[in-house]
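The next block holds one structure in the form of structure tokens; read it before the comments.
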């Protein structure tokens, strides 16, 4: 009976795999170093914004919400208590409704606003008390129609001034 070829032992196989992985990592590190060196020689890192300045926030205490604070600052997001946010939205609601094109859109928008006001009234939220009241949908739609018609009709021109001829002098 012929002898079966011996399977390499697991430890030998594992050692070989680890050596191969180590070699790949070393080659990758040298490749990355080569790319960085070539970029430096080309001048790709010259005149970068913040060059020569200390890294902002380095050395301060660690804040786990740093990314959220940067997002709020960068995007200029305002975080307001619901009562103030609804009051602000109520003040700008007519201008927002004027950008809508159909009565059904206006009704849906006002009904959504009213639902949020009612939800805020029944919830215990931080901040000042809610003084914003739900809007009457029909009255708001009627006011939207009036403003829309006022924008459509051109203003009445005053009586035209008499035309003066260039050869006539003012008297």
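Numbering (the numbering used here), first residue to last: 2 to 172.
We put the beta carbon where it would ideally sit given N, CA and C, even for glycine.
It should be emphasised that the depicted structure is a prediction, and the values quoted were computed from it without experimental measurement.
Opening and closing residue of the alpha helix (DSSP H) in which residue i lies
i: residue 94; result: 83–99
i: residue 41; result: 11–43
i: residue 80; result: That residue, residue 80, is in no alpha helix (DSSP H); it is neither H nor E in DSSP.
Residue from the options with nearest C-alpha to residue i
i: residue 86; options: 98, 69, 121; result: 121
i: residue 145; options: 65, 108, 33; result: 108
i: residue 127; options: 91, 80, 164, 50; result: 80
i: residue 103; options: 88, 89, 14, 143; result: 143
i: residue 110; options: 138, 49, 75, 26; result: 138
i: residue 129; options: 88, 98, 96; result: 88
i: residue 132; options: 112, 41, 91, 72; result: 91
Residue i, DSSP secondary structure in three states
i: residue 154; result: coil
i: residue 120; result: helix
i: residue 139; result: helix
i: residue 48; result: coil
i: residue 113; result: helix
i: residue 73; result: helix
i: residue 62; result: coil
i: residue 107; result: helix
i: residue 57; result: coil
Exposure label - residue i; buried when at least 16 CB within 10 Å
i: residue 124; result: exposed
i: residue 105; result: exposed
i: residue 37; result: exposed
i: residue 136; result: buried
i: residue 83; result: buried
i: residue 114; result: buried
i: residue 118; result: buried
i: residue 141; result: buried
i: residue 98; result: buried
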